[in-house]
Structure formats: C-alpha cells, structure tokens
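With the first letter of the sequence shown counted as 1, position 152 gets the number 394 in the numbering used here; the numbers rise by one all the way through.
Note sheet for the following structure.
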Amino acid sequence: MDHRIPTDSEEVRIVRQLTMKSDQYYIDGKLVTRNEIVNMMESAGFSRSNPYYIVKQGKITELATASDAYRLKLIKEVAGTRVFDEKKEESTKILSDTQGKIEKSVTLLGYINDRLQKLEAEKLDLKEYQKWDKMKRSIEYTIFDMEINEAKVKLEKLTTQREKINTEQNKLETRMINTKVSIQDKEKELRQLDTHYEGVLEEKKTLVNEQAELMEKKTQLELSINDLQDEVNKERKDKETAKEDKKKLDKDIDKRKYELKVLQPKYQKLVEQESSKDSEIRIIDQRCKELYAKQGHSNKFRTVEERDKYLAKELEWINSQSNEMNKQIREIESSIQADKKEREKLAKELQEEKIKLDDLSIEMNNISQEIKRRKQQLNEAITSRMDDSHNEKETREKLTMIQYDVTKMEEDFRRMTPKAIMNGISSIKTVLDEYREKGIFPEIVNGYYGRLIDLFDCAPQFNKAIEVTAESRLFYHVVENDTVAMKLLERINERSLPGEVNFYPINRILESQHREVVDQEARPLIECMQFDPKFNKVFKILFKDHVIVPNLNVGTRVARNEAFNCVTLDGDQISHRGPMTGGYMDVKRSKLDLVRKLKNAETIKNDLEKEIDRLTEKISQTLAGVDENRLEILKREGDIQTLNHDYRACLEKKQITSELLNKLSTNTEPKKAQIIKLQNRLKELVAQKDSVKARIGTPLGDGLTDVERAQINKMEDDIKNGKKELEKITKDRLELEDRIETINNELQHKLLKQQENLNAKIESFSADEKTNRLDTEQAEIKLINERVRKLVVMVGDLDINIERYSRQKTDLSASLEQLQEQQKTAENELEEFAKNAEVYCTKIANIQSKREEYSRKIKEIGSLPADAHGTYDKLSLKELEIRLAESMKRLKKYENVNKKACEQFVQASSQKNELAGRVADLQKNEQAIKDLLTVLENRRYETLHLTFKQVAKNFSEVFRKLIPNGSANLVMQTLEKSLSTRSTTTTSHSTTIQSAAETTVSEQSSMPERQLHELETFVGTSIRVSFTGGVESKEITSLSGGQKTLVALALIFAIQKCDPAPFYLFDEIDAALDQEHRRSIAGKDMIHELSQTGQFITTTFRAELLEHAEKFYGVRVRDKVTYISEVTKEQAVDFVQDDQAHT
C-alpha cells in the first residue's frame, strides 16, 4: 500500500453493486456516492481522461504539441490538486454566505436598537396600566375560580347520578340481552318443537296407514286361515277315515288273497287232472278210432304200401302238429317269462315311484318350510325397514336442527372474523379440497395441519385470556414447512383466490427457552392448553412470555418483577413494559368459544350424516332383502306347484303301474293252464304217433282180432268211466274257476282300486301343503299382530308426544310472550333511561362547556403574581363585581397604551443579545474559513511544487538516458502580479521558473484587490531541450516529429517514475521514431527497466519493441472478425518483418 488513497488501512475494497432498481457503490462496506469514488481515485492520481498511463494512437503527438497550460494541468492532475480545488470552491461559497449573513445581522441590530429606545418611553404608562390590570385580572380569576368550583360540584353530582343511571342501564341492557338470548332459545325450541311435531304428525299418519293396511291384511289372513283350517281339518278327517277304511280293505284283500292262495293249488291240480283225464280219454278214444279204422283198411286200401303211405302222411301231420304245439308251448313259456320280467320291471318302477313320491313329499315339505321361513324373514325385514325409516326420520330431524345451528354459528363467525381472513380460510380449504379430489400433492395435503385455533383445547374459563393474547394469530395456518406454505400460496395466486393467509411453518420456527414463573399466584398460559407435542414450537413462540393471574394487582407485580406479560381470566392484560389493556368483553363474541361450539356441532353433524348414510344403506339392503325374499317366495311357490304337479303325475303313474302289475299277475295262471292243455295234447299226439308207427309195416287184415275187440270194449268202458270222472273233475274245476274268477274280479275291479284310491288319499300332499300354508299364514299373522301391537304402542306414544307438544307449545308460547313483554318493557325502560341519560349528558356538557370556558378565560388572564392569589377570596361575588367595575373604569384611561411594551422591550433585548452572539459566531466562522482557504492554498502549492520538481528531475534524467548527449528542462511560467512581482528560478534539477506576462488580467479584474498566492501565478509549463548538448536549447515547437515524440515519451516516463501506475497501455508509440530511438525506448534503460514495477502492454509493427517482451499476441482479421491468439517470439518477429516488407 503506497497510501496514494487517503486511508489508514493497508487494503481498500471498492464494490459496485448493480440491481434492477439501483446502482450503488461501497468503500470497505460503507455506502458512498459515485462522486466520492471518483474524487478518491483522482486524489490517488488516476485521472478520468487517462492522460499518461493509457496512450492511444496520436496521444504522443497531442502531448508533444500541447500548450504550456495543458502541461501544467497534467502536472496538477498528477499532483492530485483537484480535491484541494473542490474544497476551496466549497469553502469560498460558505465564506460568501457567511459574509452575507453578517451584513444582514448588522443591519437588523441597528433596527433593534432604535426599537429599544422607543419602548423605553412607553414603559411608564404601562406600569400604571399593569397595576389596575393586575387588580382586574385577579378579581376575574377569583370570579372564574368560584364559577369553576361551583361547576365542579354540580358536575360531580350530575356525574354520580349519570353513573347511577349508567349502572342501572347496564344492568337493564344485560337483562335485555339475556332476555333476547332467552327469546332466541325459546324461538329455537319452538321451531324445533314445530319441526318435530310435523315429523311426528307425518310419522303418525304413516303408522296409522300402515296399521290400517296391516289390519286389512290381517282380516284377509284370518279368513284365509279359517278356510285353510276347515280344509285341513276336513282333509285330515278324510285321511283318518281313509286309513280306517284302508285297514278294513287290507283285511278283505288279504282274506281274498289268502283264499286265492288256498284255491289256486286246488284249481291247478284239478286243471292238471282234467287235462290228464281228458288226454287219457282222447288217447283211448283215438286208439279205438284207430282200431275201428283198421277194420276198414281192407276196404279202403288195396295194398300195405298204400296203407303205409297213408299212415306216413298221417304221421307227418302228427309231427307237424307236435311241432306246432311245442312252438306254442315255447311261445307261452316265453310269454310267461316276459310277463315275469315285466312284473319285475313294473314292481321296480312301482318301488321307484314310491321313493319318488316320498322324495317329492319331503322336498315339498322342505320348500314349504323354506317359504314359511322366507315369509317370516320378509315380515321381519319389513318391520326392520319401518323401524329404520322411523330412526332415519328422527335422525334427519336432528340433522336439520343441527344444520340450522351450524349455519347460524358460521354466520356469527363470519361477522366476528375480518373478511380478508375469512376469505383466506376459504381459499386454503378450496385448494386442499381440489388436491384431495384429484389425489395429487399428498405431501401438501398431509403437511397442512390446520388453523392454530383448531390445534389445541382448553378449559372454558381460559378462553378470554387465550383469545386476547393470541388475537388474530388464532387463525394463522400451521404447516409442516415453508415449502407447503409456498405451494399453497402459489396455487391461491394462480387461481386468483381472495383473502389474507398467514402461516406458521414449523421448520422455520426456532426452539425457544421456557422460563419458569417464580410467583406462586401466576401460572404459564401455555400450561392451560392441551395440544400435540409436535406443535410445541408454535405455541411456545406465541405464549411462552404470557402468564395467567387472578387479578390486576398480581399481574402488575409479576410483570414488574419477572418481565412477563400477564392476563386475567376476564381478559385484562398487563404488559411487562407497563401498559394495561382490558375492559368489558362480550362473552357472546368469544371466537374461541364459538369455534369450539362450531367444531362440536360439525362433529355431531358429521356423526348424524354418517348415521343417516348407515341407515340409508341398511334400508337399501333391507329393501333388497325384501325384494329378494319376495322373489324367492314366488319362486318357491312356483316350485311347489311344479312339484305338486309332478307328485300327482307320479301318483297317477304309480296307480297305472300297480294296475298293470295286477293284470300281469292274473294272466299267468291261464297261460300255465294252456301249457298244460298243450302238453296233454302233445302226449295224445305222441301216443297217436306211436300207434301209427306201430301199424306201419303190419299186414293188411280184413277185421279185428278178438284181442283188439276186447281192447275196444275195454277202452270204450274206460272212455265212458273216464268221461264221468272228467265231468266230475270239470265240474269241480269250473266251480273253483268261478270262485277264483269272482275273487280276482273283486280284487282287480273293486278292492285293489279302492286300495289305490285310499292310498292316493292317504299319500296326497294337498293336506300337507295346506298345513304348511296354514302354518305360514299363522306365523305371518302372528308377526302382523306383533307389528300391530308395536304400532299401537308407537301411535300411543306419538299421541302422548302430540299431547305433550301441545302443552309444551302452549308453555313455550306463554313463556315467549312473557319474554317478549319483558323485552318490550326493557326497551321502554332503556328508552326512558336513554332520555334521562341524554338530559344528564346535556347538563354535564353545558356545565363542562362553562367550566372549559371559565378555564379558557383563566388561561387568557395569564399568570398572576404570587401575592395576587387569595387576595379577594373572602369577598362575595357582589363585592368582586363592584371592584371589577372600578378597575375597568380606571383601565379605560389607558386603553391606547402599548400593553406589550415591557414584553416587547424584553423580547427586543433578548433578540439583540441573541443576534449579537450570532454575529460574533459568524465572524469567527468567517475567520476560520479564511484560515482554511490559506491552508488549502499552501497545501496545494506545496503538493504542486513538489510534484513539479520531481517530474522535472525525472524528465531530465529520462531524456539524458534516451539522448546521452542531450539535455532537457521543464520551466514553470508565472504571472506578473500587480501588488508584487515575484520571480523564482529553480536551479536545482535544471528547472527554471520564469515570469511571463500572459493574458490573465481579465480573470483578476472581477476579483477584489488582494494579495495573490504564489500558486495562482502559475500559468503554464514549457519544455526546453537540446539534442547536441550545447548551451542553446530549443522550444518543443521547433523540433521535428520524431524529436517531439521522443520528448513526449520522456515526459510520460518521468510522470510514471514520479507516480507509478500499475499498468501502461501504449498504442504504436514508436510509429514516428527511428530504429535507434525505438531500441532506446524498449531497452533496459526504459520500458524493460520500468516493467519491474508495472506491466507494459504495447502494440507495434517494429521489431525493436519485441526484443525485451515476455509474451506475444497476434491480431488477425478474418471475414471482418478480429481474432487474438498467443504466438511465439519468432512468429511475432516474422509477422513484423513480413508487414515491413509489404509496406
């Protein structure tokens, strides 16, 4: 730090801060103006015009050909005299203002002295006037004071009466408010009673209609039950009779069957005997016929062969007949087997039909029981639905009443809450409902905890204290973090929703230290609240410094000793800083209490809505169950009809099968008898065949032999005896056959049919079906009776409710009328109180007005001497008025006196002294400013003189290095002064200061005659140089272009040595120099040497400046675009040489 910047620190930090709305500057963190920055830089030697450390093209020539005055200005800028010039200009302006003020103050002092002389003459008359005026004012003060005291007494009396009236009025207003509340409650009760009564009447009407429908249905069921009972009894009786008849019939059938069983073998035996006997007779008869036929063979046949041929044909016929009979026997046996199989099949079918009938009977019985159960469920469901409908109606009535209460409380809440906050609450709710409905941003929905007022609970007695402490912060919204708050605000702004929204982001709230309360009568307010621990920081920041106290005295003590903010249960507050707030609070306007009630009401409302939804769902399910049961009953009744039809069909089929079976059983015996006949016939054929075979081949005789005749006789006797036996057997058979036929006919056509009919009656399901229907309808009528009984009870209860409603309505109406009358009376009394209060207020206002008027008059009287107080206190008002009139008469003589002469004299004297002091101060300030100007001039001269000597010395040395045989001097030109002429020649450092009579007289003509400072005589700086080292030196104007450039560069290097800059920028400074001088400029004596303390950036097209450079950059133009790139020294030299070759 070279301390070129005026500061004590080793480092100066300058910052410029740019924003959209401001442009600010800072020095070491302190806000400053731009001019201060510029002045500081200029005082450090950094010129705004960059005169010597940034040298543009042509700047060398400009500096070489500049005037002497410009070179002087350049040296001044290097010396930093601008700051001194500005301070001098500012001090000069202040001096001019001070001199003007002194001149005005002196003029005013003369005027004040004249005024004091005039006021001295008016003081004598004023003293006499003041004597009587003092007396007058004292008397007036005494009179006014008496009037004020009298008004005070009257005012206290009226105030006491007014307070008494106010107390009575407050009591009356409280009573009237209570009466209004009672009226509202009574109206609410009456409205609820009317609503309930309407529901009760509607419910009674519904129940009565239902009761009528049930009674009608009950009557129909009773008639149906009676009919069914008669039918069931009749069918049961018929069934019992059928069972008795069946028993008798079974005995007859068994008897007949037993008889058949006994007769059947006998009949079979007789049939076999008959058939056998008949066969024997036929065989014998055939033998006889054959013997008789043999007797005629001789006549009939001529030869044995002819006879044998005839016998062969007869034998052939016998064989064919035998075959035919065997075939018939086989067919009959096959038919018997088929009948047997058919009987077995029919018996099996008959058994299956019986099983099927049993199954159908069981299934119909089960379905009947199912129908009975379903009807019972249906009746129970209908009863349940009616009960649920009744409960739903009652719940809806409760919901209607609670909705009315919620709506009223919400309206009260809106009236008590500022509109902006209410709109904000609605906006938050709208955004959260939108997110919940769309199922988006769950972290926002879950991160919102609600309003502060909803997040805690407390006993009712603490409501006032908490409400006056938190105030509107009760409606701040508590969120998990500031991200949730920002997202909600962004959405509210996107939708342009109205309202004021404040948040408590938990993550942004710092944990605060809890202080203990020492006083035993105080308790931290936060301990009176219950809330979730995660909201601890929120409630601490709001209530940590607040305690609850029993009264104001304790609160004052705690606030003073422990610096707590105290609040009483009545809401009175004592701040630890001193102020107290409080007073009357309307309990009905408690937001906390209202929110609690609203919250409870909404909870009840939600519970009722859920209960209604539950009952509605239950009724819906019950109705679905009723419809399902009805459909199922219809379906089951259809199934019963179908099964009943199947049962009858099965029963008919069973009867047919039984008849077929019986018929097949009766057909077997005749077929067996036919087989026996065929078999006997077959025996006859076999005997005939044997006989024919025996005759074949026998000789052909003319007659019978004796043996044959004996055989014929014997056979005829056997035939005759056999026919007798056959007739007897046939007779017995026919008798048995008739008896069997009679029994079979009786069984088939009478007894068995009767048995089937009786079985059909016994097995008939009609009685069971009717019994099931009877049971179902009896169960249904039982449920109807139970429901009717309940309805009667419910209607009775409703009648009692209606009667109670009438009494309650009468009582409520009477109470309401009484309360309204009380309200009207109270309003009249309040109106009377208001009139009286207005009268008292008018009186009090008049007295206060008089009191204020007297007080104002006392103030107008002004201050009195101490001896004037109490002088006239013992006089009466009449005596005071007499003395007041005398003093007014005396004062009339002095009505033209200057009543403020003394005051004006004192005031003028004070003004004179004050003005004299001010003039002295201004004169001191004038001298101080002049001294400051002298100091500034001396410092400026010293700075400029020192800088000039340093630059002149450096200039000579630099020029000698560039031109070893040459010399150069800087010469300061001065102005010849009118008061004294001063010429200074500085021989040291080859610098000369000469006098010159330049044209500056016009600048001094406007200034007053004064001694000029030596610095003001400096008018320019000239340069004299010699390149050959001779005695004669030349002005710079007489030099060539290259010489001027060399001189200008020497001056720049001299300034650099005097006030080095951190960097230098030279743009083609060697353009006008020859090779030798370029090498001198770039060599170790100039740029190369100076680059040890500064950075030199030069542009050139010459190779000499490249010799001592450290970095090289080439600048090229391609397609109208400039490119800068780092190159090596060889590339830079080649570039410069190429450029010189082309040029």
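In this text, a Cβ means the ideal position worked out from N, Cα and C, and glycines have one as well.
Computed from a predicted structure; not experimentally measured.
Secondary structure at residue 645: helix, using DSSP grouped into helix, strand and coil. Three or more beta-carbon pairs separated by less than 8 Å link the stretch 1070-1085 to the stretch 396-406, which places the two stretches in contact. Nearest to residue 1263 by alpha-carbon distance, out of 1282, 1297 and 1213, is 1213. Counting C-beta pairs with one atom in each stretch, the stretch 635-650 and the stretch 830-850 have three or more that are closer than 8 Å, which means they touch. Residue 1260 is bridged by DSSP to 1216.
Residue 1033 sits away from residue 871, with the two beta carbons spaced by 7 Å or more. By the Cβ rule, the stretch 1050-1060 does not count as touching the stretch 375-382, because fewer than three pairs are nearer than 8 Å. Residue 265 has 260 as its beta-bridge partners, per DSSP.
Distances from the alpha-carbon of residue 658 to those of 836, 917, 494 and 393 put 836 closest. Under the rule that a run must span 4 or more residues, no alpha helix (DSSP H) segment is found entirely inside the stretch 862-916.
Per the coordinates, the alpha-carbon of residue 1285 lies some 52 Å from the alpha-carbon of residue 262.
With contacts defined by Cβ atoms closer than 7 Å, residue 474 and residue 1000 do not form a contacting pair. Residue pairing by DSSP places residue 1356 opposite 1367 in a beta bridge.
The straight-line gap separating the alpha-carbon atoms of residue 276 and residue 1338 is approximately 29 Å. Only exposed fits residue 309, as fewer than 16 other CB atoms lie within 10 angstroms of its CB.
The C-alpha of residue 274 lies about 39 Å from the C-alpha of residue 745.
The alpha helix (DSSP H) runs lying completely inside the stretch 603-682 and spanning 4 residues or more are 661-680, given in chain order. Contact between residue 1291 and residue 1197 is absent: CB atoms are separated by about 11 Å, not below the 8 Å threshold. Leaving aside the five residues that flank residue 1027 on each side, the residues in its chain whose CB is nearer than 8 Å to its CB run, in chain order, 460. DSSP places residue 273 in the strand class (E or B) of the three-state scheme. DSSP places residue 841 in the helix class (H, G or I) of the three-state scheme. Residue 788 and residue 741 have their C-alpha atoms roughly 30 Å apart.
Uninterrupted alpha helix (DSSP H) stretches at least 4 residues long and entirely within the stretch 415-454 do not occur. Beta-bridge partners of residue 853 (DSSP): none assigned. DSSP, reduced to helix, strand and coil, places residue 702 within a helical segment of the structure shown.
Secondary structure of residue 1306 (DSSP, three-state): strand. Closest by C-alpha distance to residue 683, out of 711, 692, 635 and 733, is 733. Setting aside the 5 residues that flank it on each side, residue 961 is surrounded in the same chain by 523, 526, 527 and 530, each with a C-beta closer than 8 Å to its C-beta; the list follows chain order.
Its Cα nearest to that of residue 921, the residue 513 stands out among 415, 414, 283 and 513. Between residue 374 and residue 1132, the CB-CB gap stays under 7 Å. Taking 7 Å as the cut-off, the Cβ atoms of residue 1320 and residue 1349 do not count as close. By the Cβ test, the stretch 911-931 is not in contact with the stretch 600-614, since fewer than three Cβ pairs between them sit closer than 8 Å. Excluding five sequence positions before and after residue 850, the CB atoms of its chain that fall closer than 7 Å to its own CB belong to 637, 640, 641 and 644, given in chain order. Going by DSSP, residue 772 is part of the beta strand (DSSP E) stretching over 771-773. Per DSSP, residue 790 is one residue of the beta strand (DSSP E) stretching across 788-791. Nearest C-alpha to residue 709 among 790, 756, 447 and 762: 790.
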